[in-house]
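Numbering (full-length UniProt numbering), first residue to last: 1 to 161.
Ideal Cβ positions, reconstructed from N, Cα and C, are used throughout, including at glycine.
Okay, structure first, notes after.
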């Protein structure tokens, strides 16, 4: 039995192509040839407008740990930020709202592991007017680098090398 020709196989819409913050488009879910012109996958086009798609960014600075999350589709009442164990959890949910195409409801959950040396006691969250949630956590000071003196004992060696 001959296998089905590779050039006729459907290339399904991949999960990595989905952005849950965007409305559905009129593009088909199955792309006949994702590598050929004019079929450009939505995930490729999304790189040109990535700030508009609900992405997040993490940064470790000298004195603090910063997380930026694009939550422009959510109001402050629909967001919650929790800290437990070693994770910061950001959750957003809103029920059905009407838009140009019908009703849409959105929900997301993101977890960020706190890096070593970051204090979980003083975590702050701030929502800007343009919908960027900024979470900051101070890094605990381990002190400045200092030399440690090496002492020598007199007598016989304890172990031969």
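Considering only the alpha carbon of each residue, which of 76, 112, 147 lies closest to residue 93? 76
In this structure, does DSSP put residue 86 in helix, strand or coil? coil
Using beta-carbon positions only, say whether residue 111 and residue 74 come within less than 8 Å of one another. No, the Cβ-Cβ distance between residue 111 and residue 74 is not below 8 Å.
Separation of residue 154 from residue 65, as counted between CA atoms: 48 Å
Could you tell me the alpha carbon to alpha carbon distance between residue 108 and residue 147, rounded to whole angstroms? Approximately 48 Å between the Cα atoms of the pair.
Going by alpha carbons, who is nearest to residue 60 out of 72, 125, 150, 118? 118
Beta-ladder partner(s) of residue 147, from DSSP: Residue 147 pairs with nothing; no bridge assigned.
To which residues of the same chain is residue 95 closer than 8 Å at the C-beta, ignoring the five residues directly before and after it? 105
Considering just the uninterrupted stretch of the beta strand (DSSP E) at residue 137, what are its terminal residues? Note, residue 137: beta strand (DSSP E), 132-138.
For the beta strand (DSSP E) containing residue 105, name the first residue and the last one. 102-113
Buried or exposed for residue 70, please, with buried defined as at least 16 other CB atoms from any protein chain shown within 10 angstroms of its CB. buried
Using the C-alpha atoms, what's the distance from residue 99 back to residue 83? 33 Å
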